[in-house]
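Enquirer:
Number of protein chains: 2
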Amino acid sequence: MAKGSSISGFPEWLPAERVVEQRVIDTLREVFELNGFIGIETRAVEQGSSLLKKGETSKEIYLLSRLQEVGHESDTPVDQRIGLHFDLTVPLSRYVVEHSGALPFPFKRWQIQKVWRGERPQEGRFREFVQADIDVVGDGTLPEHYEVELPLVMVNALERLREFGLPKATVHANNRKLSEGFYRGLGLTDIEGVLREIDKLDKIGADEVSKLLVETCAATPQQAQACLELAQITASNGAELVERFNALCEIHHIDVNGTAYAMAKEGLDTLTMIIDEAYKIRPGSVIADLKIARGLDYYTGSVYETFLDGADDLGSICSGGRYDNLATQGNRKYPGVGLSIGLSRLVSYMLHRAGATANRISPACVLVAVWNEENRDDSNAIANTLRSRGIAADVAPTAAKLGKQIKYADKLGIPYVWFPNENPADDGSDEVKNIVTGDQRPADAQSWEPDTVYAQQSVTVNAENR
Amino acid sequence: MAKGSSISGFPEWLPAERVVEQRVIDTLREVFELNGFIGIETRAVEQGSSLLKKGETSKEIYLLSRLQEVGHESDTPVDQRIGLHFDLTVPLSRYVVEHSGALPFPFKRWQIQKVWRGERPQEGRFREFVQADIDVVGDGTLPEHYEVELPLVMVNALERLREFGLPKATVHANNRKLSEGFYRGLGLTDIEGVLREIDKLDKIGADEVSKLLVETCAATPQQAQACLELAQITASNGAELVERFNALCEIHHIDVNGTAYAMAKEGLDTLTMIIDEAYKIRPGSVIADLKIARGLDYYTGSVYETFLDGADDLGSICSGGRYDNLATQGNRKYPGVGLSIGLSRLVSYMLHRAGATANRISPACVLVAVWNEENRDDSNAIANTLRSRGIAADVAPTAAKLGKQIKYADKLGIPYVWFPNENPADDGSDEVKNIVTGDQRPADAQSWEPDTVYAQQSVTVNAENR
Chain A
18 MAKGSSISGF PEWLPAERVV EQRVIDTLRE VFELNGFIGI ETRAVEQGSS
68 LLKKGETSKE IYLLSRLQEV GHESDTPVDQ RIGLHFDLTV PLSRYVVEHS
118 GALPFPFKRW QIQKVWRGER PQEGRFREFV QADIDVVGDG TLPEHYEVEL
168 PLVMVNALER LREFGLPKAT VHANNRKLSE GFYRGLGLTD IEGVLREIDK
218 LDKIGADEVS KLLVETCAAT PQQAQACLEL AQITASNGAE LVERFNALCE
268 IHHIDVNGTA YAMAKEGLDT LTMIIDEAYK IRPGSVIADL KIARGLDYYT
318 GSVYETFLDG ADDLGSICSG GRYDNLATQG NRKYPGVGLS IGLSRLVSYM
368 LHRAGATANR ISPACVLVAV WNEENRDDSN AIANTLRSRG IAADVAPTAA
418 KLGKQIKYAD KLGIPYVWFP NENPADDGSD EVKNIVTGDQ RPADAQSWEP
468 DTVYAQQSVT VNAENR
Chain C
18 MAKGSSISGF PEWLPAERVV EQRVIDTLRE VFELNGFIGI ETRAVEQGSS
68 LLKKGETSKE IYLLSRLQEV GHESDTPVDQ RIGLHFDLTV PLSRYVVEHS
118 GALPFPFKRW QIQKVWRGER PQEGRFREFV QADIDVVGDG TLPEHYEVEL
168 PLVMVNALER LREFGLPKAT VHANNRKLSE GFYRGLGLTD IEGVLREIDK
218 LDKIGADEVS KLLVETCAAT PQQAQACLEL AQITASNGAE LVERFNALCE
268 IHHIDVNGTA YAMAKEGLDT LTMIIDEAYK IRPGSVIADL KIARGLDYYT
318 GSVYETFLDG ADDLGSICSG GRYDNLATQG NRKYPGVGLS IGLSRLVSYM
368 LHRAGATANR ISPACVLVAV WNEENRDDSN AIANTLRSRG IAADVAPTAA
418 KLGKQIKYAD KLGIPYVWFP NENPADDGSD EVKNIVTGDQ RPADAQSWEP
468 DTVYAQQSVT VNAENR
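These protein sequence lines map, in sequence, to chains A and C. So in my numbering, spot 217 of the first sequence is number 234, and the numbers just go up one at a time. So in my numbering, spot 122 of the second sequence is number 139, and the numbers just go up one at a time.
Below, the structure is given as C-alpha cells:
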C-alpha cells in the first residue's frame, strides 16, 4: 500500500501495485463473462431506507450531505437521506426490482465496484474497498442448480488468480435451513441469535460461544453443546454428511417426523447435492462445513465462505449465499444466489504476502530517445508508428544526455530504448537497445517486434509462491 | 438510461447500455496505455481542506458522515471532514505530493473513475459520473511539448470513439497568460473576475457578458468591448493567430514594450507552438479559440475545451489545462498539464443521439440446451469445454421445452443454441443452431468455432451515425 496514506482505512496503491489490482479485475471479468454473466454497474449511493433495511453492516453506513446542507443534516430523517452502498447485493436487489421489465430472467450478473463501510478506524480494516460479485436472480423461482454452479465459477476464478500468488481456495458451504431446523428441533427459538453467536466461533472459541448461547439465546448448556457439535461437522461427500448429521439428531433426540427435522432435511438435501455435484467437477473445491453461519440476515438457504490454504488469518475471502426475500415487489419475489470476493484484501495479500508486483511501472514497451528538441517530431513519429502496430511507446521527456534518457526508461521499467537515425540522409537506420540484456540492433518501426518476454506489462510473484 | 432511476442525477445503465460504457472505457484505457500513460486509482474521498481549496466546483461537495455521527456532524469543522472527490485532478495532485518519492517524473498517468458533485438536482446534470483523465506532472519543471502532446492523445482517443457514434471532435485551446497579459495591458486588474465572466459567453451572450464586465469587474465599456473582441479570435495556424492578436493590441493601444504584453507574448508563443505542431500531425484537430477561459482557478497557462461537430448543446466534452501551482510541497512544485473527458455525458450522447447499443445483452456466444435435469452435467461439460477455448457459454436455466430455451437465448441475444447429443451411444453428434440465420449443423465442442460476425459481444450504432 502507498505509504503515508493519510486517511485511515482508505487504501491506495502505488502504480506497480495498481497493475496487480487491474490484472486481477481483468481476470475476474474474463472468467465471469466466459460463464455468461452480464456486467452491470450501479450508482454508488442508495436511499437510507434501503441501506438500513438489511444486513449486519447496516450500522456501518456513510451518509452523504451537500456542503450547503451542513448544519441542517439532521433536518432530514436518516432513511430519507442517501448513503454509500456497503455491498453490491442490496444495490442489485434494488436494480432488479426497478428494472425488472427490461431484464432477462434468470438474470446472471457480474459487478466489480468499490463499496464503503463507515466503521470505526482500526488496524487492517478497509473502509473503502473493491468487491467482485456474481449473482443469479430469478423471477418468482430460482433453480437449485445455481447453488452449486456459482461457487464453482468462483473456484474457477480463484484458481486463475493463483498466477498472482494466491494459494488454493476451498469453498465451505452450509445451509440456513439445516441449521435452523436443527436448532428448532432442539427446542431453541431465537434462531438469528444462535446464528450470530455461532458466527463468532473462529474469533472467540467454543467456550465463549457456548456461554453467549446460554446468556443471550436462552439455550440450556445441553442445547448450546448440541449447537457446537453441529458446528464441528465437515464433510466432502453427501453420504458422509447425511450420516454424521443424522447421528447427531439421534443423540439429541430430534424427532425425524417433526416439522423442524423436515426443514433441516430440506437444507441437508440441497447441501448434499452441492458437495456431490462439486466433487464430480472439481474434487476438493467445495466442502460442507456446518459452522458457516454468515452474519447477514438476508440469507435463507445456502451460505458460503471461502478460505485460502495457509492463510486462515485472512478469514473468508469470498462469501455469499441464497436470499429468497431480499428483492420483492408486492407479491412478486426475486430469489437470488451469489458470492462476493473481497478484492482489495485479496490484492493486499498478493502484494504483501505473495510478493506480486508488476514487471514494469509503465505500460510502454519502448522509450524513443530524442537527440535534440528540434527533432522531437521524428521521435514522436516513430512512437506513433509503433503504437499503430499495438506496441506501447513513450518518448523521452527531454533531449537530455543519452545516459539520462536510458535512466528514465530504467526507472519506468521500459525494456527497450529506441535510437532514431541521427542522419537519415546517409545509409544508417534506427537502432533499438534492450537495456536489460544490452542487446542492440538496427530496427524499423514499421516491422520491429519486441521479444515476447519483454512485450507486455505483466505481474510476477516470488518464486516460492508460484 | 434506466427508466425510473429513483435518485435524481445518479444515472444507471441497463445491461445493453453498460456494454457501450464498458467498451468506451476499454478503448480509452487502450489508447492511454499505448501512449505510455500509467494507470492509477485514487480513493474516492479527500480531506475537506483539500476539496475546498481549489476549483469552481468547490461549492459542490458531498461530505460524508458515519451513521454514528448523525446529529453531531457539525461538531467537526468542514475542512476536517472527508468528502467525495469532484474531479480527478485534485486527487492526482495530492497523490503526487504524498508519494513523490516512489514515482517516476515526469509522471504520465491515466485515471478513469467516478466523481461526485453535490449540485442542486436539475434536468440533465449528473451528480455522479465517470471521468477519464490523462495528466503529466513534472518535478520542478515540465517541458512545454506536453501541452500539445496531451490534447493530441485525447484527439486520438476521441477519434477511436467514433465507432460508437461520436462525431468528429475539435480541441479549442487558449492560454491564461495571453488573456491575462491582454487584460492587464488594457488596464484591468480583476483578472479572475474577467475570466469568470468571459467563461459565460456561450451561455448568456456578448451583451450580458459586457454588462457584467462593467458591473462586476470595474471595466469601462471600451475595455469590455476589447475583452469581447479578444474572445472572438480563432485561428488554425500560428501566423494567423499572431497577426490577429497583434492587430487587436495595436487597436487598443497596448504597449508592446510593457510587462503586460510580455506576459501575453509568453502565452501567445505557447499557443502558437501548440496549434502549429498539432497541424503538422493532425490538421484541424486543435485550433486557437481565445474565448476559452475555463472557470477553474488552478489553471496557469494552456487551457482546453473540446467540442463535437453538430453537438454544440453538449458543451465541452473534454477539458483541461496546465496548472503550475496545484501540487506543492514546501518550495517544491509539481507543475502539470492534463485533460479530462466527461465520460458519462459522452456515453449518454452515444446511447440517445447516436443510437449506440450492444449487439447482445449477454456476453455468451452459445446457450447449451438441457434435455432434462438429469443430463444437466452433460450440458455443463460442453459449456466448460467451450469456455476453456475462449468461447463464452451459458447453459439453459431449466430443462424446459426447446422453444422456451431458444426464446431465452433470443431474449439475451445469444446467437447460437447448442443441442447435446441425446443418445451418445449411437453414432449421432451434438448440433449447433444459429438462431439468427436458422443454420443448423453437427458440431464438436472441442473444435467448433462461431462465425466471426457472431463471435463477440460488440457495439453497433445507427447507420447514419457511422
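Quick reminder that beta carbons are idealized off the backbone N, C-alpha and C, glycines included.
#1: If we call anything under 8 Å between Cβ atoms a contact, is L384 of chain C one with W465 of chain C?
#2: Is the shortest distance between the beta-carbon of Y315 of chain A and the beta-carbons of chain C less than 8 Å?
#3: Under DSSP, the alpha helix (DSSP H) around G202 of chain C begins and ends at which residues?
#4: Output the residue ranges of the alpha helix (DSSP H) runs that lie fully inside the stretch 350–437 of chain A and measure 4 residues or longer, sorted by chain position.
#5: Pairs of beta-carbons, one from the stretch 214–226 of chain C and one from the stretch 309–325 of chain C, closer than 8 Å: are there three or more?
#6: Leaving out five residues on either side along the sequence, give the residues of the same chain with a beta carbon under 6 Å from the beta carbon of V147 of chain C.
#7: Could you please tell me which residues of the stretch 21–45 of chain C, in chain order, have their CB closer than 8 Å to any CB of chain A?
#8: Rounded to whole angstroms, what's the CA-CA distance from W127 of chain C to K282 of chain A? Just pull it up for me.
#9: Provide the residue span of the beta strand (DSSP E) that contains D224 of chain A, from first to last.
#10: May I have the straight-line CA-CA distance separating G484 of chain A from N392 of chain A, to the nearest angstrom?
#11: Is the Cβ of E214 of chain A closer than 8 Å to any Cβ of chain C?
#12: Going by the beta-carbon positions, is the gap between F181 of chain C and I271 of chain C smaller than 8 Å?
#13: Keeping to the same chain, check which residues put their C-beta closer than 7 Å to that of T289 of chain A; ignore five residues upstream and five downstream.
#14: Pick out whichever of C:P467, C:L230, C:N192 and C:P32 has its Cα sitting closest to the Cα of H116 of chain A.
#15: Alpha carbon to alpha carbon, what distance is there between P138 of chain A and E166 of chain A?
#16: Restricting to Cα atoms, I'd like to know which of A:H162, A:K421, A:I378 and A:Y471 is closest to W30 of chain A.
#17: Against G53 of chain A, what residues of chain C qualify as contacts under a CB-to-CB distance less than 7 Å, listed in chain order?
#18: Straight-line CA distance for E197 of chain C to L285 of chain C?
#19: Return helix, strand or coil for Q474 of chain C, following the three-state DSSP convention.
#20: Compute the beta-carbon to beta-carbon distance between L368 of chain A and E34 of chain A, rounded to the nearest angstrom, for a pair I have assumed lies under 8 Å.
#21: For Y321 of chain C, write down the residues that DSSP places opposite it in a beta bridge.
#22: Using DSSP with H/G/I as helix, E/B as strand and the rest coil, what is V37 of chain C?
#23: Assuming L356 of chain C and Y315 of chain C make a contact with CB atoms under 8 Å, what is their CB distance in whole Å?
#24: Are E136 of chain A and E77 of chain A touching if we call contact CB-CB under 8 Å?
#25: If the cut is a Cβ gap below 7 Å, which residues of chain C does R404 of chain A touch?
#26: Find the residues of chain E that neighbour G135 of chain A, judging by a C-beta separation of less than 7 Å, and give them in chain order.
#27: Where does Q474 of chain C land, buried or exposed, given buried means 16+ other C-beta within 10 angstroms?
#28: Between the alpha carbons of A19 of chain A and A61 of chain A, how many angstroms are there, rounded?
#29: For Y79 of chain A and chain C, any beta-carbon pair shorter than 8 Å?
#30: Give the residues of chain A in contact with K297 of chain C, contact being defined as C-beta atoms less than 8 Å apart.
#31: What first and last residue would you give for the beta strand (DSSP E) that runs through G100 of chain C?
#32: As an exercise, report each continuous alpha helix (DSSP H) stretch of at least 4 residues that is fully enclosed by the stretch 99–125 of chain A, in chain order.
#33: Does DSSP put R134 of chain A in a helix, a strand or coil?
#34: Give the straight-line distance between the Cα atoms of L169 of chain C and I334 of chain A, rounded to the nearest whole angstrom.
#35: Can you say whether Q240 of chain A is buried or exposed, counting buried as having 16 or more other CB atoms within 10 angstroms of its CB?
#36: Is it buried or exposed for P300 of chain A, if we count other Cβ within 10 angstroms and need 16 for buried?
Expert: Looking at the coordinates:
#1: As a first step, residue 384 of chain C must be located in the second sequence, where it is residue number 367. As a first step, residue 465 of chain C must be located in the second sequence, where it is residue number 448. Cβ distance not < 8 Å, so L384 of chain C and W465 of chain C don't count as in contact.
#2: Working through the first sequence from its first residue, we reach residue 315 of chain A at position 298. For Y315 of chain A, the answer is no, since every Cβ of chain C falls outside 8 Å of its Cβ.
#3: Here residue 202 of chain C corresponds to residue number 185 of the second sequence, with the count starting at 1. Residues R193 to L203.
#4: 360–369, 393–405 and 419–429
#5: With the cut-off at 8 Å, the stretch 214–226 of chain C and the stretch 309–325 of chain C touch.
#6: Here residue 147 of chain C corresponds to residue number 130 of the second sequence, with the count starting at 1. If we look at V147 of chain C and ignore the five residues flanking it on each side, its Cβ neighbours are K131, L360 and S361.
#7: G21, S22, S23, I24, F27, P28, E29, W30, L31, P32, R35, V36, E38 and Q39
#8: Here the question's residue 127 of chain C lines up with position 110 in the second sequence. Here the question's residue 282 of chain A lines up with position 265 in the first sequence. For W127 of chain C and K282 of chain A, the distance between alpha carbons rounds to 55 Å.
#9: Within the first sequence, the letter at position 207 stands for residue 224 of chain A. From DSSP, D224 of chain A is part of no beta strand (DSSP E) but of the alpha helix (DSSP H) over A223 to T233.
#10: Shown here, chain A extends from 18 to 483; a query on residue 484 of chain A therefore has no answer.
#11: Residue mapping note: residue 214 of chain A aligns to position 197 of the first sequence, counting from 1. False, the Cβ-Cβ gap to chain C never drops below 8 Å.
#12: Here the question's residue 181 of chain C lines up with position 164 in the second sequence. Here the question's residue 271 of chain C lines up with position 254 in the second sequence. Their beta carbons are not under 8 Å apart, which means F181 of chain C does not touch I271 of chain C by this criterion.
#13: Start at 1 with the first residue of the first sequence, and residue 289 of chain A comes out as number 272. Only G255, L258 and V259 meet the Cβ criterion.
#14: Position 99 of the first sequence, counted from the start, is the residue given in the question as residue 116 of chain A. Selected option, being the one with the closest Cα: C:P32.
#15: Within the first sequence, the letter at position 149 stands for residue 166 of chain A. Within the first sequence, the letter at position 121 stands for residue 138 of chain A. Their backbone Cα atoms lie some 37 Å apart in a straight line.
#16: In the first sequence, residue 30 of chain A corresponds to position 13, counting from 1. Here the closest residue by C-alpha is A:I378.
#17: Reading the first sequence from its first residue, position 36 is the one you call residue 53 of chain A. Going along chain C in sequence order, the residues near G53 of chain A (Cβ under 7 Å) are S379, P380, A381, A409, A410 and D411.
#18: In the second sequence, residue 197 of chain C corresponds to position 180, counting from 1. In the second sequence, residue 285 of chain C corresponds to position 268, counting from 1. C-alpha separation (whole angstroms): 11 Å.
#19: Mapped onto the second sequence, residue 474 of chain C falls at position 457. Residue state, collapsed to three classes: coil.
#20: Taking the first residue of the first sequence as position 1, residue 368 of chain A is located at position 351. Taking the first residue of the first sequence as position 1, residue 34 of chain A is located at position 17. Rounded, the Cβ-Cβ distance is 5 Å, consistent with contact.
#21: For the purposes of this step, residue 321 of chain C is taken as the residue at position 304 of the second sequence. Its beta-bridge partners are C:A190 and C:G337.
#22: Here residue 37 of chain C is taken as the residue at index 20 of the second sequence, counted from 1. The answer is helix: DSSP assigns V37 of chain C an H, G or I state.
#23: By one-based count along the second sequence, residue 356 of chain C stands at place 339. By one-based count along the second sequence, residue 315 of chain C stands at place 298. The beta-carbon separation of L356 of chain C and Y315 of chain C, rounded to 14 Å, does not stay under the 8 Å limit for a contact.
#24: By 1-based counting over the first sequence, the position of residue 136 of chain A is 119. By 1-based counting over the first sequence, the position of residue 77 of chain A is 60. Yes, Cβ-Cβ distance for E136 of chain A and E77 of chain A is below 8 Å.
#25: Within the first sequence, numbered from 1, the residue matching residue 404 of chain A stands at position 387. Those within 7 Å of R404 of chain A in chain C are L51 and N52.
#26: Here the protein chains are A and C, and chain E is not one of them.
#27: In the second sequence, the residue the question calls residue 474 of chain C occupies position 457. Buried: at least 16 other Cβ atoms inside 10 Å.
#28: Taking the first sequence and counting its residues from 1, one reaches residue 19 of chain A at position 2. Taking the first sequence and counting its residues from 1, one reaches residue 61 of chain A at position 44. Because the pLDDT of A19 of chain A is 43, which lies under 50, any placement of that residue in the model is unreliable, and the question is left without a value.
#29: Locating residue 79 of chain A in the first sequence gives position 62, counting from the first residue. It does; some Cβ of chain C falls within 8 Å.
#30: Residue 297 of chain C sits at position 280 when you count from the first residue of the second sequence. Those are D394, listed as they occur along chain A.
#31: By 1-based counting over the second sequence, the position of residue 100 of chain C is 83. For G100 of chain C, the enclosing beta strand (DSSP E) begins and ends at I99 to L101.
#32: Entirely contained in the stretch 99–125 of chain A, the alpha helix (DSSP H) runs reaching 4 residues are, in chain order, 106–115.
#33: On the first sequence, residue 134 of chain A is found 117 positions in, with the first residue counted as 1. It is coil, neither helix nor strand.
#34: Walking along the second sequence from the start, residue 169 of chain C turns up at place 152. Walking along the first sequence from the start, residue 334 of chain A turns up at place 317. Each residue's alpha carbon lies about 43 Å from the other.
#35: By 1-based counting over the first sequence, the position of residue 240 of chain A is 223. Buried, since its Cβ has 16 or more Cβ neighbours within 10 Å.
#36: As a working mapping, residue 300 of chain A is identified with position 283 in the first sequence. It is exposed - the Cβ of P300 of chain A has fewer than 16 other Cβ atoms within 10 Å.
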